[in-house]
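Note that the protein sequences, when read in sequence, are chains B and W. Taken in order, the first sequence gives residues 2 to 229; the numbers are from the numbering used here. Taken in order, the second sequence gives residues 177 to 436; the numbers are from the numbering used here. Glycine residues also receive a C-beta, built at the ideal position from the N, C-alpha and C atoms. Comments concern the structure below.
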Amino acid sequence: MDTFVEQFPVVINALNIGFLQTLKLFFVTLIGALPLGLIISFGSKSKFVPLKLLVRFIIWVVRGTPLMIQLLIIYYFPGLVFHNNVWGSNETGRFIATAIAFIINYSCYFSEIFRGGINGIPVGQDEAGLVLGMTKKEIFFKVKLLQMIKRILPPISNEILTLVKDTSLARIIALQEVIWAGQAFMKGSQGISGEIWPLFFTAIYYLIFNGILTVILGKLEQKLEYFK
Amino acid sequence: MSILDVSHISKSFGNTEVLKDICFSLEESEVLSIIGSSGSGKTTLLRCLNFLETPDSGTITVKSNKIFDAEDLDYLTDANKRKNRLHFGLVFQSFNLFPQYTALENVTLAKELAAKREDNFKENKKAILESIKQEGLDLLAQMGLSDRKDNYPHQLSGGQCQRVAIARALALKPDILCFDEPTSALDPELTGEVLKVIKELAETKMTMIIVTHEMSFAKEVSDKVIFMDDGYVLESGTPDEVFNHPKEDRTIQFLSSFNK
Numbered sequence: 002m003d004t005f006v007e008q009f010p011v012v013i014n015a016l017n018i019g020f021l022q023t024l025k026l027f028f029v030t031l032i033g034a035l036p037l038g039l040i041i042s043f044g045s046k047s048k049f050v051p052l053k054l055l056v057r058f059i060i061w062v063v064r065g066t067p068l069m070i071q072l073l074i075i076y077y078f079p080g081l082v083f084h085n086n087v088w089g090s091n092e093t094g095r096f097i098a099t100a101i102a103f104i105i106n107y108s109c110y111f112s113e114i115f116r117g118g119i120n121g122i123p124v125g126q127d128e129a130g131l132v133l134g135m136t137k138k139e140i141f142f143k144v145k146l147l148q149m150i151k152r153i154l155p156p157i158s159n160e161i162l163t164l165v166k167d168t169s170l171a172r173i174i175a176l177q178e179v180i181w182a183g184q185a186f187m188k189g190s191q192g193i194s195g196e197i198w199p200l201f202f203t204a205i206y207y208l209i210f211n212g213i214l215t216v217i218l219g220k221l222e223q224k225l226e227y228f229k
Numbered sequence: 177m178s179i180l181d182v183s184h185i186s187k188s189f190g191n192t193e194v195l196k197d198i199c200f201s202l203e204e205s206e207v208l209s210i211i212g213s214s215g216s217g218k219t220t221l222l223r224c225l226n227f228l229e230t231p232d233s234g235t236i237t238v239k240s241n242k243i244f245d246a247e248d249l250d251y252l253t254d255a256n257k258r259k260n261r262l263h264f265g266l267v268f269q270s271f272n273l274f275p276q277y278t279a280l281e282n283v284t285l286a287k288e289l290a291a292k293r294e295d296n297f298k299e300n301k302k303a304i305l306e307s308i309k310q311e312g313l314d315l316l317a318q319m320g321l322s323d324r325k326d327n328y329p330h331q332l333s334g335g336q337c338q339r340v341a342i343a344r345a346l347a348l349k350p351d352i353l354c355f356d357e358p359t360s361a362l363d364p365e366l367t368g369e370v371l372k373v374i375k376e377l378a379e380t381k382m383t384m385i386i387v388t389h390e391m392s393f394a395k396e397v398s399d400k401v402i403f404m405d406d407g408y409v410l411e412s413g414t415p416d417e418v419f420n421h422p423k424e425d426r427t428i429q430f431l432s433s434f435n436k
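This is the structure we're talking about:
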């Protein structure tokens, strides 16, 4: 398989499979990190000072160290220190370890955005809800949540686009995502070796997917423009 | 029998005593205006009545029910607070409408949420929601806002927003409706429409407490006036007594600043 025309379908097929894993990591991270981020933001606002300090400390550590290091520690630490690789060395184990590292990391970033979003809502909204006899839960879900979402959508969109690209860090523990799939053709895979263009070509996947996300998130922002 | 008895209410923020031994009472269908310069404690007093602040001492009694007693704060659970504060409605200076809801939804939201908390909601869901909506429409009509029911707050003028806020407070049928400087955030030409609505409410025998800087309005609409200064009730009486025959120097000084 020496000609580009011969190589192309083989490479695309492999990259597609890799990109599915990328997508899976992306969506699992979002689904886990968005609600966890909200919970952490409540923790970082807690009136119970020890909890608040603990949460702020965790946020500081997680945001202050590279995601790649966090991923390496989560994946290798149990095996190296306790001689018990809880993740297993198969693809599923690697995926679970990666997803956990990503969810922890991104929920800390999201929590800070949420915290800013909640703090930015005028206290009059709480007070109006209170004097109308609403419970605190009702005030949060029925009054403040949508206002918060409107406020945080631009910074959250930014984080979401970054997450798409950050999934490539999973390559470091050999998760078979799209970068791994592209790189395989340098070393040799399916009769193709020494080719670097498949690795470069993976950029197209990120670019197109981020393009789609940009359009969707922009539409969502437009949808919330009906109130101010 | 008074509808409201406020007795020996005090409140401090840090070292600043904002309310000092406030006592007054109000009869059913009376309109009470509270006047006084900024920082005299008027707004804090209203906020205490609405449980947005907790007084340090004193009691508040509504319809012979002691709803607040500084000696017995254990009783003041969130649920009790919620139940008790519904004796009062509060209209804010800055409206505080919910921006993501239409005028009508602003009026009906709290009532709908309250209905959903009841056990029998599911069986009669449609009928209950329909009657809440109808009440909301009636209230907006009373405020002269029928044609604005589907507008969002940012599409309304300040005067219209404040009238929606009044309808929203009325929707829960409070015993006493409180206004915290209801026209202070409005352009001068818009204050009239809000004052007119309040006047109409007075004619329907609504019991009201109005914190205001609109002296001629207070004189006209009130049955009782309280002048507050530095956290004290310095003078109280009928509008004629307080506005035309004030006894305290401070009151005379304050009122004269409005006649310039």
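Within-8 Å CB hit, residue i to chain B
| i | result |
| --- | --- |
| A286 (chain W) | yes |
| S118 (chain W) | For chain W, the structure presents residues 177 to 436; residue 118 (chain W) sits outside this window and is missing. |
| N272 (chain W) | yes |
| Q336 (chain W) | no |
| F268 (chain W) | yes |
| R324 (chain W) | no |
| H421 (chain W) | no |
| L348 (chain W) | yes |
| Y408 (chain W) | no |
| R426 (chain W) | no |
| R339 (chain W) | no |
Option nearest residue i by Cα separation, candidates the options
| i | options | result |
| --- | --- | --- |
| D405 (chain W) | W:L202, W:D181, W:G217 and W:E206 | W:G217 |
| N159 (chain B) | B:Q177, B:S42, B:P67 and B:G219 | B:G219 |
| I386 (chain W) | W:S201, W:K292 and W:S209 | W:S209 |
| F111 (chain B) | B:P10, B:S45 and B:F20 | B:S45 |
| L366 (chain W) | W:K292, W:T380, W:P231 and W:Q338 | W:Q338 |
| G94 (chain B) | B:Q177, B:I205 and B:F186 | B:Q177 |
| R344 (chain W) | W:F271, W:K196, W:S307 and W:V397 | W:F271 |
| F210 (chain B) | B:E226, B:K229, B:T168 and B:W198 | B:T168 |
| L332 (chain W) | B:V56, B:I197 and B:K229 | B:K229 |
| T286 (chain B) | W:R293, W:F189, W:I304 and W:K298 | In the structure as shown, chain B starts at 2 and stops at 229, and residue 286 (chain B) therefore has no counterpart that could be examined. |
| P36 (chain B) | B:L146, B:Y207 and B:S190 | B:L146 |
| S186 (chain W) | W:R223, W:G212, W:I179 and W:I211 | W:R223 |
| I114 (chain B) | B:L208, B:S190, B:F43 and B:G212 | B:F43 |
| E7 (chain B) | B:T215, B:A34 and B:I193 | B:I193 |
| A341 (chain W) | B:I197, B:A129 and B:L200 | B:A129 |
| F274 (chain W) | B:D127, B:T30, B:E226 and B:A204 | B:D127 |
| M319 (chain W) | W:L249, W:K287, W:Q336 and W:L353 | W:Q336 |
Beta carbon proximity, residue i to chain W, threshold 8 Å
| i | result |
| --- | --- |
| F115 (chain B) | no |
| Y227 (chain B) | yes |
| G125 (chain B) | yes |
| A129 (chain B) | yes |
| Q148 (chain B) | yes |
8 Å contact criterion, which residue i and residue j should meet: CB distance rounded
| i | j | result |
| --- | --- | --- |
| L221 (chain W) | I243 (chain W) | Rounded, the Cβ-Cβ distance is 15 Å, inconsistent with contact. |
| G134 (chain B) | A246 (chain W) | The pair is not a contact, with the Cβ atoms about 22 Å apart (cut-off 8 Å). |
| F20 (chain B) | V179 (chain B) | 4 Å |
| S205 (chain W) | K381 (chain W) | 4 Å |
| L16 (chain B) | Y206 (chain B) | 7 Å |
| Q269 (chain W) | S188 (chain W) | At roughly 23 Å, the Cβ-Cβ gap does not stay under 8 Å, so Q269 (chain W) and S188 (chain W) are not in contact. |
| T414 (chain W) | K395 (chain W) | 10 Å between Cβ atoms; not a contact. |
Proximal chain B residues relative to residue i, where beta-carbon distance stays under 7 Å
| i | result |
| --- | --- |
| N226 (chain W) | V132 |
| P275 (chain W) | Q148, F228 and K229 |
| L262 (chain W) | G134 |
| H330 (chain W) | F228 and K229 |
Neighbouring residues, chain W, relative to residue i (Cβ below 7 Å)
| i | result |
| --- | --- |
| E1 (chain B) | With chain B covering 2 to 229 only, the question about residue 1 (chain B) has no answer from this structure. |
| M135 (chain B) | A286 and L289 |
| K143 (chain B) | L285 and L289 |
| E139 (chain B) | L289 |
Closer than 8 Å at the beta carbon, the chain W residues around residue i
| i | result |
| --- | --- |
| L298 (chain B) | In this structure chain B extends from 2 to 229, so residue 298 (chain B) is not present and cannot be described. |
Chain B residues whose Cβ lies nearer than 8 Å to that of residue i
| i | result |
| --- | --- |
| Y251 (chain W) | Those do not exist, as Y251 (chain W) stays about 18 Å from chain B at its closest Cβ, beyond 8 Å. |
The stretch 278 to 291 of chain W touching the stretch 325 to 339 of chain W, judged by at least three CB pairs closer than 8 Å = yes
Between the stretch 246 to 257 of chain W and the stretch 116 to 129 of chain B, are three or more C-beta pairs nearer than 8 Å?
-> no
Could you tell me whether the stretch 64 to 84 of chain B touches the stretch 141 to 155 of chain B, using the rule of 3 or more Cβ pairs below 8 Å?
-> no
Assess, as a yes-or-no matter, whether the stretch 232 to 242 of chain W is touched by the stretch 421 to 432 of chain W under the definition of 3 or more beta carbon pairs within less than 8 Å.
-> no
For the stretch 408 to 417 of chain W against the stretch 375 to 386 of chain W, are there 3 or more C-beta pairs whose distance is under 8 Å?
-> no
Three-pair Cβ contact test at 8 Å for the stretch 62 to 70 of chain B versus the stretch 100 to 110 of chain B | yes
Say whether the stretch 262 to 269 of chain W touches the stretch 347 to 359 of chain W, bearing in mind that this needs 3 or more beta-carbon pairs closer than 8 Å, one atom from each stretch.
-> yes
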